[in-house]
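Q:
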Amino acid sequence: MRLIINKIFLGLSIFSALIGLAFLAWILTTLFIKGLSSFHFGLFLNDLIDGGLRNLIVGQMILAGLASIIGIPLGMAAGIYIQEYGRGKYADVIRDLSDIMMSAPSIVIGAFVYAVVVVPTGGTSGFAGAIALAIMMIPVVINTTDNMLSLVPRELREAGIALGASKYKVIIDIVIKAAKVGIMTGILLAFARIIGETAPLLFTSETSNYFSLDLTESFPSLTVSIYDLANEPEESSRDLAWAASFILTVLVLIINLSGRFITRNKK
Amino acid sequence: MPVLNIKKFSFTYPGVEHPSLKNINLPIKRHAITALIGPSGCGKSTLLRSMNRIHDLYPGNKYEGKIEFTDQDKSVSDILEIKKENEFIELRQKIGMIFQKPTPFPMSIFENVAYGLKIAGVKNKTELADRVEVALKGSALWKEVHDRLDKSAMGLSGGQQQRLCIARAVAVKPEILLFDEPTSALDPISTGAIEELIVELKKDVSIAIVTHNMQQASRISDFTAFMYLGDLIEFDKTENIFLNPKEKKTEDYITGRFG
Numbered sequence: 002m003r004l005i006i007n008k009i010f011l012g013l014s015i016f017s018a019l020i021g022l023a024f025l026a027w028i029l030t031t032l033f034i035k036g037l038s039s040f041h042f043g044l045f046l047n048d049l050i051d052g053g054l055r056n057l058i059v060g061q062m063i064l065a066g067l068a069s070i071i072g073i074p075l076g077m078a079a080g081i082y083i084q085e086y087g088r089g090k091y092a093d094v095i096r097d098l099s100d101i102m103m104s105a106p107s108i109v110i111g112a113f114v115y116a117v118v119v120v121p122t123g124g125t126s127g128f129a130g131a132i133a134l135a136i137m138m139i140p141v142v143i144n145t146t147d148n149m150l151s152l153v154p155r156e157l158r159e160a161g162i163a164l165g166a167s168k169y170k171v172i173i174d175i176v177i178k179a180a181k182v183g184i185m186t187g188i189l190l191a192f193a194r195i196i197g198e199t200a201p202l203l204f205t206s207e208t209s210n211y212f213s214l215d216l217t218e219s220f221p222s223l224t225v226s227i228y229d230l231a232n233e234p235e236e237s238s239r240d241l242a243w244a245a246s247f248i249l250t251v252l253v254l255i256i257n258l259s260g261r262f263i264t265r266n267k268k
Numbered sequence: 004m005p006v007l008n009i010k011k012f013s014f015t016y017p018g019v020e021h022p023s024l025k026n027i028n029l030p031i032k033r034h035a036i037t038a039l040i041g042p043s044g045c046g047k048s049t050l051l052r053s054m055n056r057i058h059d060l061y062p063g064n065k066y067e068g069k070i071e072f073t074d075q076d077k078s079v080s081d082i083l084e085i086k087k088e089n090e091f092i093e094l095r096q097k098i099g100m101i102f103q104k105p106t107p108f109p110m111s112i113f114e115n116v117a118y119g120l121k122i123a124g125v126k127n128k129t130e131l132a133d134r135v136e137v138a139l140k141g142s143a144l145w146k147e148v149h150d151r152l153d154k155s156a157m158g159l160s161g162g163q164q165q166r167l168c169i170a171r172a173v174a175v176k177p178e179i180l181l182f183d184e185p186t187s188a189l190d191p192i193s194t195g196a197i198e199e200l201i202v203e204l205k206k207d208v209s210i211a212i213v214t215h216n217m218q219q220a221s222r223i224s225d226f227t228a229f230m231y232l233g234d235l236i237e238f239d240k241t242e243n244i245f246l247n248p249k250e251k252k253t254e255d256y257i258t259g260r261f262g
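Chains as they are written, first to last, in our numbering: chain A, 2 to 268; chain B, 4 to 262.
1. Using a Cβ cut-off of 8 Å, pull out every chain A residue sitting near K104/B, in sequence order please.
2. Look at the alpha carbon of N266/A and the alpha carbon of S238/A, and state the distance between them as a whole number of angstroms.
3. Does the stretch 108-125 of chain A come close enough to the stretch 80-92 of chain A to have 3 or more Cβ pairs within less than 8 Å?
4. Would you mind telling me which residues of chain A sit closer than 7 Å to E88/B, beta carbon to beta carbon, in chain order?
5. Determine the DSSP secondary structure at L7/B, reduced to helix, strand or coil.
6. Would you kindly check if the distance between the Cβ of E90/B and the Cβ of V79/B is under 8 Å?
7. May I ask you to list, following chain order, the residues of the stretch 49-67 of chain B that have a beta carbon less than 8 Å from some beta carbon of chain A?
8. Find the nearest neighbour of A193/A within the set K8/A, L134/A, M2/A, N56/A, judged by alpha-carbon distance.
9. Exposed or buried, which one is L246/B when buried takes at least 16 other CB atoms within 10 Å?
10. Which residues in the same chain have their Cβ closer than 6 Å to the Cβ of A191/A, if we skip the five residues on either side of it in sequence?
11. For chain A, check one thing: does any of its Cβ atoms lie closer than 8 Å to the Cβ of Q96/B?
12. Among L44/A, I73/A, A23/A, which has the Cα closest to the Cα of S246/A?
13. Can a CB atom of chain B be found closer than 8 Å to the CB of L164/A?
14. For a minimum of 4 consecutive residues, which ranges assigned as the alpha helix (DSSP H) are wholly contained in the stretch 20-105 of chain A?
15. Could you work out which residues of chain B lie near I136/A, taking near to mean beta carbons separated by less than 7 Å?
16. Taking the alpha carbon of L60/B as the point to measure from, which residue in G165/A, K178/A, E198/A has its own alpha carbon closest?
17. Indicate whether F211/A and D93/A have their beta-carbon atoms separated by less than 8 Å.
18. Would you give the residue range spanned by the alpha helix (DSSP H) that M230/B belongs to?
19. In chain A, which residues lie less than 7 Å from G119/B when you measure between Cβ atoms?
20. As a quick exercise: from L232/B, N127/B, K176/B, M157/B, pick the residue whose alpha carbon is nearest that of D138/B.
21. Measure the CB-CB distance between I36/B and I9/B and report whether it falls below 8 Å.
22. If contact is defined by three or more beta carbon pairs under 8 Å, each pair taking one atom from either stretch, is the stretch 178-186 of chain A in contact with the stretch 102-120 of chain A?
23. Thinking P243/A and K35/A are a contact (beta carbons under 8 Å), I'd like their distance in whole angstroms, please.
24. DSSP has F182/B in a bridge; who is on the other side?
25. Determine the chain A residues that contact P22/B at a beta-carbon separation under 8 Å, and present them in chain order.
26. Taking the runs of the beta strand (DSSP E) that are 3 residues or longer, which of them lie wholly in the stretch 130-165 of chain A?
27. Taking a cut of 7 Å between CB atoms, which residues from the stretch 173-193 of chain A lie near chain B?
28. Quick one: Cα of E156/A to Cα of S206/A, how far?
29. Taking DSSP's pairing of strands, which residues face Y66/B in a bridge?
30. For Q103/B, which option in I201/B, E237/B, T186/B, K11/B has the closest C-alpha, if you only look at C-alpha atoms?
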């Protein structure tokens, strides 16, 4: 009897795993077929106004890059506080808040930034978009930093202190170095996550058909443009959306894989 | 005159009502090895960790009594009175510590040994290189690592890592070294090497070692303190403790009747 239950359970698990994988494969093949058929290198040379994606790709990178410049130091500093300095209630409250923030729907964060940045400043802007992405990123970075620092053995900190190093020096020279690989991987994954976000940008940075480096105006965004293009009636626009989705997916995949690569090689 | 004089010393961990160490009186003698032995929970590590105030990494501990550090500047002569950051640095550079698990820092072998020196303010590159070499030679590690000083210390074996930690502590020329069960994570051959090294170090530094290995205490130490449930039961020359203990509890412990 137990053997039969075992087999049934095993069968169900395999079946569920296969369903999950099948959908993933389906999504990827559709994306590759549709994306590749409309893909050509001219997309990297022209802006959206001329039927290319150059301004969108550059714009998305700038938004995600700027969000990282804001989000990584803030998130790491908060993570270090929670793990190394914070004791008892304060640290726990921040940790819980950060966990809640991590599961906040991204459209809510977009709406929040719309209310506190876009409305007061009088319009959508690259800055607003970057801030929204940074808010998405911070809790992930806090969580990674917190977790990775907690894996560093207590003895290592004590050994630094026992040599006369002050606490901040031990944290900077020793603890962060020991947790470096894990933190870097987490940051890369956080970056991969925000670079594919649409909702936080939808009404903060919006998007633009033109190449732009002016962060005070509406800013070109690949994801928002995919959303716009997919809603257009013309076939050519929808093809462009597929090509853009393909490029975005490959980009996210590369970042994700390099994250794994770093972890595997540096261990 | 002893290098450390522990007088009427009591220690209480935060949030605990009863002290973990009660009224300890113990001298740590100069250029000798003092072993602290006793069953788990007797407070031997707690006592050792009070000598360099490493407890202070975690707030809320209560110290009572006195630990005198003899022949020192006023700033560190009364160990329990130290409050300023720079005095802590001075104290810990004068009283080094080696832990149970080897604790190499995630950096190169050279950087590991140079770390304490840099904190002490040594900037000159040739001086750094010289002192790193002397420290590694003093820890019998130089021959094994001289051609890979720039490689990560994490690639060394456990025994080598522990000798690296000793080199790191020795490099800043401390007066006292505290060993907290330094060989309990090592194999017998590495243990032998470390024990030899500790005996060798005696001519330069004074040593206190916590060990749960009674053979180790009898092999290498000159003095032995037997502790039990937060009390210092007996302190004497090692041979007296092991061959001719005065207290019943000491005798019971060293003969293996409890522990």
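Each residue gets a CB set at the ideal place from its N, CA and C atoms; glycine is no exception.
A: Let's see:
1. Under the 8 Å cutoff, chain A gives P154, E156.
2. C-alpha separation (whole angstroms): 42 Å.
3. Result no; under three Cβ-Cβ pairs closer than 8 Å.
4. E88/B reaches chain A at S167, counting residues in chain order whose Cβ is nearer than 7 Å.
5. Correct three-state label for L7/B: strand.
6. Contact: yes.
7. N55, I57, L60, P62: these are the residues of the stretch 49-67 of chain B whose beta carbon lies less than 8 Å from some beta carbon of chain A, given in chain order.
8. Of K8/A, L134/A, M2/A, N56/A, the residue nearest in Cα terms is L134/A.
9. It counts as exposed.
10. Counting only residues of its own chain and dropping the five nearest sequence neighbours on each side, A191/A has a CB closer than 6 Å to the CB of M138, V141, V142.
11. Yes, Q96/B counts as interfacial toward chain A.
12. When only C-alpha atoms are compared, the closest one is L44/A.
13. Closer than 8 Å to some Cβ of chain B, the Cβ of L164/A qualifies, so yes.
14. Given a length threshold of 4 residues, each whole run of the alpha helix (DSSP H) inside the stretch 20-105 of chain A is given here in chain order: 55-81, 90-103.
15. Those do not exist, as I136/A stays about 32 Å from chain B at its closest Cβ, beyond 7 Å.
16. Ranking G165/A, K178/A, E198/A by Cα distance to L60/B puts G165/A first.
17. One point to set straight first is that residue 211/A is Tyr, not Phe, in the sequence displayed. Between Y211/A and D93/A, the C-beta gap is not smaller than 8 Å, which leaves the two residues out of contact.
18. Unbroken run through M230/B is the beta strand (DSSP E), 226-231; no alpha helix (DSSP H).
19. By Cβ distance, chain A contributes L164, G165.
20. Sequence inspection shows Ala at residue 138/B; the Asp mentioned does not correspond to that position. Among L232/B, N127/B, K176/B, M157/B, the Cα nearest to that of A138/B is on K176/B.
21. Against a cut-off of 8 Å, the Cβ pair of I9/B and I36/B comes out as no contact.
22. Segments in contact, no.
23. Here the sequence assigns Trp to residue 243/A, which means Pro is not the residue at that position. The C-beta separation of W243/A from K35/A comes to about 4 Å, placing the pair in contact by the 8 Å criterion.
24. Under DSSP, F182/B takes part in a beta bridge, and its partners are I101/B, I212/B.
25. The contacting residues do not exist; P22/B stays about 22 Å from chain A at best.
26. Within the stretch 130-165 of chain A, no complete beta strand (DSSP E) run reaches 3 residues.
27. From the stretch 173-193 of chain A, only I175, K178, A179 have a Cβ closer than 7 Å to chain B.
28. Here the alpha carbons of S206/A and E156/A stand approximately 47 Å from one another.
29. Answer is F14/B.
30. The shortest Cα separation from Q103/B among I201/B, E237/B, T186/B, K11/B belongs to T186/B.
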